[in-house]
Structure formats: structure tokens, C-alpha cells
């Protein structure tokens, strides 16, 4: 087993995830399904996680992301499908032989053991001799930047410190895959941000394949190499954060990841190009989601707030609406417009202008244009939903 | 805002009621304790002259000495066996689903609803049938049945409070099920196990009704010996023995609480 310290020394060359060779997958799920009684928690999950990659499972609660994690950990057994770790089928291999490292939401530190004993637990189970064990525990604790607490008990540490212990305990055994189950949800906001950066750095440094479960799309976008967005037991899209944000595969992904406005427009196909019209604006959108829609039919256009801006003279106006509210955020201002004919809820426009509140006061009629080329359109839903 | 006279009266009445109830609860123990120091050879309250002599007499009385020894033997065996059986069943009931689960649980807890004399009589008939009526086996067996529900409940509650993610974490770190049990589950259950054992031991030590049926002269436990004593004598040595009983039990519980109940020794995480 490679030592953490040796890997730390190679710090400079942070390991980029390997290219998408299927053979190089550290973890693979081949049609894994899991039912609990009547409920299908996970259906036909297909996912290949590359060596050294940080893969995030993102979705609302009950979407199956934790079930998927538990299948990889071996806490549940798949009803059908195959799960491979390191090229080896593990369906019938119990958790304790899978060589995984898991960090729990509650950290699950052993309350009756000292910090050193907690971190060294996995090594003791592997029969590592004492001097070696002590050295590796110390290395793991210094990796997570937590020293001098070896003899304390878990309840004597702060939440952030407990999390570091949990991470050290999972990493000290050099696991084939590191599983993180909503690790930041118990931390307060400031600590959360710094722990996220730190865990990401450590993960890069030692290059451990990581599966990270979260319901927080911001966390997913900022930490992941790739994201698998899940909903109702199915993986809806797998891609880099940028792909997920800019080219969502369906309505659910588009509205779950990032803020989005759903505006009613019409499809207008021109010479193979897929164009949607919204007010006076004509917007080019990807064609795949609209394969079944006829030219002239209603479509729902998904536009991010930062793609909307107040139209200058001469620019085609996509939406005309009334300013209903402002929310000052320091670096930017969120303006909410009402335009009932195109959007059932309020339209969110993000303005970087410090003077936005005075320029567009409440009640003002404003024209909005669409900037950039990242709008998406999907088949209109019978009852247009608000997002 | 000034409280009305009625509210004040209600407050005083409430305080008095609480004091009366508390007094009533400790009254028997207080009366017996005072009676134990009576110099005269009668059980009377309040005593007129004071003496320690009934303590000396109680300690010297042969039946009490052998009764105490028998009780200790029976209590330690019965509570230990009940602990083993109860822990195994508590684990099974908490962790696994199996047919007749509720029936099995009901049977295990049934001695809570069956009168003790019924259980004692039943064991007596059975033991007489197979010729064990004069030995310790039947007394211990009888006490196991009587204290089992308490051990079972105590361990079961501890199991419920045990965070199963700790066991999952141990498994993820490479611990086989047996090692999870040995390094995580049992150490964390220890307060519940010790508490259950202690409760069982005290209940067994104090048990009288069923013991009356299943003990013989050679195996009679302390409560039975005391009963036999009061049938013939009415001096304060009974009361003296009671005081020693109370003091011993209270000491045991205080020590146990100091070392186990507060979770200091076991470092059970405090609730936040």
C-alpha cells in the first residue's frame, strides 16, 4: 500500500482525472437496481467513475443517491445489475472486504475510543504492526491538518475537527474508493466553505477516486470533476459541472442545478437550425430536446438569470415586464420582474450594476434581452410550471 | 403583578401535597430504620431507648448468614445467565425480522404478568417430578425467568440508542461482523449490560414469593430466612437486617451510577 506521505511529496503535480477509458474505471455500476418493498429506490443505474475522479451524486432527497452510495459501500445488496470496484465484481463481497473509505454525514466517530484509536481502527483491523500503525496515523492526521489531539475523545472536538478525524480515518487505509455522504451538511456556512476547499485539495493531492453525495447544487458545481444528477431513482445526466449547468439534459436537471427562468416561447425551425422565438428575440437552442415538437408549437425556454439583461436601445426585446422586487446582494442585485404572459412566476434578472435599484425602480416597465447562446428549450408542459 | 390570595394558597397546598407524598414514600423505610435501633425486644415505633445490639444479633444468626450466602449465589448465577440470554434475544429482536417475533417477545416478557407464586409453584412441581426440588438449580432457573424481562428491556433500550452507523463505519474500515461486535457494539452497550445485570441481581436478591416455593432448608434465600424468622420472633433484628439491606443496595447503586451511569468511564458522547 502506498503511503500517504510519499504521495504528499508529489504535491506539485496534482493529478487530473484520467481520460475516459472504460477499462480505467475505478467503480462501475452496470444496471444496478434496488427496491425496498414497493418503492424502487434505484433503477438501472449505469455509471462509470474514473480513477482519481471526484464524482458527485446530486439530487433531492429520495432520489436514490444514498442508495447508490450504499450499494457501492456494500451496506445494501443490489437486486439486479453489477457493481465493480477496481475491475472486480463486488456484488457478493461484504463491506469489510471491499477496501473502501467512508465518511458519514454524522462522522460516526467511535465515542469510546481516542482520536488516535479512531484513525488507527482500519489499520488494526488489517493487522498492521504498532510502530507502522503509529506512523501512519500521525501522517493521516497531519494530512488533514489536525495534530495534538491524538489522546482526546471525539466529543471533545469541534464539528470541523471531527470531520477531519473522519476523513483521516477513511483515508489512512488507502481505500480504493472514498465515499462521502453529505459530509458538509452538519457544518456552519463559513466552515463549510473552507472544508470544501480543503477536502477537494486533499482529494486531488492523493488522487483517491471519490464518490460524493449531496443535495446542494452549489457544492456539486464547485467540487466535482463530474456530476451525476439523479431524480426518482434514475440517473438523469452525467457530465462535467459546466455541461450540467449549460447543457442540461432535461427540464428537471435544468431547474435543479442553478437558478433558471422558464419562459413560454414558440419553436421556429429554419433550415435545420433550431430557433425559438420569445418576443422579438430569436434564440438558437440545441435540437435534441425538441425532436418531437412541431414548428410553431409552444416550448418552454430555460434561461439563466445571468443570461438576461436589460435591453439597450435597438436590441430585440425578448420579454417586457414590470419590476416587482429587488434583492440587494452586495456584488450584484437580483431583480424580479412580472410578465404574466410568458412566465407564471417572477422572472429573475441578475444585474451587476451597483445602481440597478435606482435605474429600474419597482413598478418600472422594462425590456429584457437574452445574451449569450446558452439558453435551452424543452417541450412545453401542459400546465406551465414555475421554477 | 401580585399573585392573588387564592394562587398563594394553591402554591402552599401544592408544596404540602408534594411533601406529604415524598414523606409517604420514605415512611416505611424510615419507620423500620428507627425501629432497628430499639433496645427493647419488640418491634415498636418510636423506640424509647437506643441500641446497636439487634444488628449484632442479625449478623450472628445462622439462618441469616447462610441465607445471605445462598442469595448471593442465586443472584449472581441468575442475573448472569439472564444477561447472556437476554442480550442474545435483545440483539435478535432489535436487528432481525423473523416469524413469530412478537410472540417470542411476549413469552420472554410473560413473567411480568404471571404472578410470582404461580411461577414458583410451577417450578416446584416440575422440580419435584425430576428430583431437583432440593438443589440450587431450580432456584436459579426460577430466578432467571423472573428477572429476564428486566435484562431484556434494559439491553434492548441500549441497543435502540446505539447509532448503527458506528457499526457500518467499522465495517467500512475492514472489521468483520465478529470484530464489529467485539470492538464497537459490546463496548458501547456496556452501560446497558451492567445496568441490566445489576437490576437483575438486586431483583433476584430481593425476590421472595417464588423463592418461598422453590427453596429448601439448605437453599433458602435471605428473604425466605427472614420470613421464617418473623413467623417465630418479633424482635428488631428483622428491622436491623432491613437497614443493612437498604444501605448495601443504595451503596451498590451509587457506586454503579458514579462509574457507569454518568458515562464518564465509557465516554459516551453527551447529548447536545
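Protein chains in written order, with my numbering: chain A, 41 to 427; chain B, -1 to 270.
Note that the Cβ used here is the ideal one computed from N, Cα and C, for glycine as well.
Just so it is clear, the structure is predicted and the values come from calculations on it, not from any experiment.
Q: Let me know if residue 36 of chain B comes out buried or exposed under the rule of 16 or more other beta-carbons within 10 Å of its beta-carbon.
A: It is buried - the Cβ of residue 36 of chain B has at least 16 other Cβ atoms within 10 Å.
Q) Alpha carbon to alpha carbon, what distance is there between residue 153 of chain B and residue 62 of chain A? A) Confidence at residue 62 of chain A is low in this model, with a pLDDT of 48, below 50, so its placement is unreliable and no value can be given for it.
**Q.** Bridge-paired residues (DSSP) for residue 69 of chain A
**A.** DSSP, once it has assigned bridges, lists A/87, A/123 as partnering residue 69 of chain A.
**Q.** Residue-level contact to chain B via CB, residue 62 of chain A, 9 angstroms cutoff
**A.** Model confidence at residue 62 of chain A stands at a pLDDT of 48, short of 50, so the residue's coordinates are unreliable and nothing is read from them.
Q | Sequence-distant residues of the same chain with beta carbon closer than 7 angstroms to residue 224 of chain A, five excluded per side | A | 232, 235, 236, 259, listed in sequence order.
Q. Which residues of chain A have a Cβ atom closer than 7 angstroms to the Cβ of residue 167 of chain B, listed in chain order?
A. What residue 167 of chain B touches in chain A: 142, 144, 148.
**Q.** Every unbroken alpha helix (DSSP H) within the stretch 191 to 252 of chain B, with a cutoff of 4 residues, ordered by chain
**A.** 207 to 212, 220 to 230, all fully within the stretch 191 to 252 of chain B.
**Q.** Residues near residue 364 of chain A in its chain [Cβ-Cβ closer than 8 angstroms; skip 5 each side]
**A.** So the list reads 376, 377, 378, 386, 402, once near-sequence residues are dropped.
Q | Residue ranges of each alpha helix (DSSP H) within the stretch 133 to 174 of chain B, 4 or longer | A | Runs of the alpha helix (DSSP H) inside the stretch 133 to 174 of chain B: 134 to 159, 162 to 170.
Q: Would you mind telling me which residues of chain A sit closer than 8 angstroms to residue 190 of chain B, beta carbon to beta carbon, in chain order?
A: Those do not exist, as residue 190 of chain B stays about 13 angstroms from chain A at its closest Cβ, beyond 8 angstroms.
Q: Would you grab the beta carbon distance between residue 214 of chain B and residue 131 of chain B for me? Rounded to a whole angstrom, and I think it's under 8 angstroms.
A: Contact flag correct, Cβ pair sits at about 7 angstroms.
(Q) Counting only C-beta atoms, is residue 200 of chain B closer than 9 angstroms to chain A at any point? (A) No, residue 200 of chain B lies away from the interface with chain A (no Cβ there is under 9 angstroms from its Cβ).
Q | Terminal residues of the beta strand (DSSP E) in which residue 418 of chain A lies | A | Where residue 418 of chain A is concerned, the enclosing beta strand (DSSP E) stretches over 416 to 419.
Q | Per-residue DSSP class, three states only, for residue 259 of chain A | A | DSSP places residue 259 of chain A in helix when its eight states are reduced to three.
**Q.** Start-to-end residues for the beta strand (DSSP E) that takes in residue 271 of chain A
**A.** Where residue 271 of chain A is concerned, the enclosing beta strand (DSSP E) stretches over 266 to 271.
Q: May I ask you to list, following chain order, the residues of the stretch 153 to 187 of chain A that have a beta carbon less than 7 angstroms from some beta carbon of chain B?
A: Taking 7 angstroms as the Cβ-Cβ cut-off against chain B, the residues of the stretch 153 to 187 of chain A that qualify are 161, 162, 165, 166.
(Q) Is it buried or exposed, residue 50 of chain A, if we count other Cβ atoms within 10 angstroms and call 16 or more buried? (A) Bear in mind that the predicted position of residue 50 of chain A carries a pLDDT of just 40, short of 50, making it unreliable; the figure below should be weighed with that in mind. For residue 50 of chain A, the number of other beta carbons within 10 angstroms of its own is below 16, and it is reported as exposed.
Q. Are any of the Cβ atoms in chain A nearer than 9 angstroms to that of residue 163 of chain B?
A. Yes, its Cβ sits closer than 9 angstroms to a Cβ of chain A.
(Q) So the candidates are A/271, A/312, A/318; which of them puts its Cα closest to the Cα of residue 296 of chain A? (A) Comparing Cα-Cα distances from residue 296 of chain A to each of A/271, A/312, A/318, the minimum goes to A/271.
Q. Who are the Cβ neighbours of residue 131 of chain A in its own chain at under 8 angstroms, not counting the five residues just before and after it?
A. Cβ neighbours of residue 131 of chain A beyond the five flanking positions: 117, 118, 122, 123.
Q: Say whether chain A places a C-beta atom closer than 9 angstroms to the C-beta of residue 97 of chain B.
A: Taking a beta-carbon distance threshold of 9 angstroms, residue 97 of chain B does not count as an interface residue toward chain A.
(Q) So with CB distances below 9 angstroms, who are the chain B contacts of residue 209 of chain A? (A) In chain order: 167, 171.
Q.
With the cut-off set at 9 angstroms, would you say residue 45 of chain B and residue 33 of chain B are in Cβ contact?
A. For residue 45 of chain B and residue 33 of chain B, yes; Cβs fall inside 9 angstroms.
Q.
Does residue 168 of chain A come out as helix, strand or coil in the three-state DSSP assignment?
A. Residue 168 of chain A: coil per DSSP, three-state reduction.
(Q) Given a cut-off of 9 angstroms on the beta-carbon distance, is the pair residue 316 of chain A and residue 339 of chain A in contact? (A) The answer is yes: Cβ separation under 9 angstroms.
**Q.** Run of the beta strand (DSSP E) containing residue 153 of chain A, from where it starts to where it stops
**A.** First-last for residue 153 of chain A: undefined, no H or E at that position.
Q: Just mark residue 221 of chain A as buried or exposed, buried being the case when its beta carbon has 16 or more other beta carbons within 10 Å.
A: Residue 221 of chain A is classed as buried because its beta carbon has at least 16 other beta carbons within 10 Å across all chains shown.
Q) Between the C-alpha atoms of residue 406 of chain A and residue 412 of chain A, what's the straight-line distance to the nearest angstrom? A) Distance between the alpha carbons of residue 406 of chain A and residue 412 of chain A is about 19 angstroms.
Q) For the putative contact between residue 209 of chain A and residue 162 of chain A, defined by C-beta atoms under 8 angstroms, what is the C-beta separation to the nearest angstrom? A) The C-beta separation of residue 209 of chain A from residue 162 of chain A comes to about 7 angstroms, placing the pair in contact by the 8 angstroms criterion.
Q. Is it true that the CB of residue 415 of chain A sits closer than 9 angstroms to the CB of residue 325 of chain A?
A. Using a Cβ distance threshold of 9 angstroms, residue 325 of chain A and residue 415 of chain A count as a contacting pair.
Q. Taking 9 angstroms as the CB-CB cut-off, is residue 107 of chain A touching chain B?
A. Judged by the 9 angstroms Cβ criterion, residue 107 of chain A is not in contact with chain B.
Q. In the DSSP assignment, what residue or residues form a beta bridge with residue 142 of chain A?
A. When DSSP reads this structure, residue 142 of chain A sits in a beta bridge with A/219.
Q: Could you tell me which chain B residues have their CB closer than 9 angstroms to the CB of residue 115 of chain A, listed as they occur along the chain?
A: Neighbours of residue 115 of chain A in chain B, taken as residues at a C-beta separation under 9 angstroms, are given in chain order as 166, 169, 170.
Q: Write down the C-beta distance between residue 345 of chain A and residue 389 of chain A rounded to the nearest angstrom, noting that I regard them as a contact closer than 8 angstroms.
A: With a beta-carbon spacing of about 6 angstroms, residue 345 of chain A and residue 389 of chain A fall inside the 8 angstroms limit used to define contacts.
Q: Look at the alpha carbon of residue 14 of chain B and the alpha carbon of residue 251 of chain B, and state the distance between them as a whole number of angstroms.
A: Cα to Cα, the separation comes out at about 30 angstroms.
(Q) Taking 9 angstroms as the threshold (C-beta atoms), are residue 217 of chain A and residue 127 of chain A in contact? (A) No, Cβ-Cβ distance for residue 127 of chain A and residue 217 of chain A is not below 9 angstroms.
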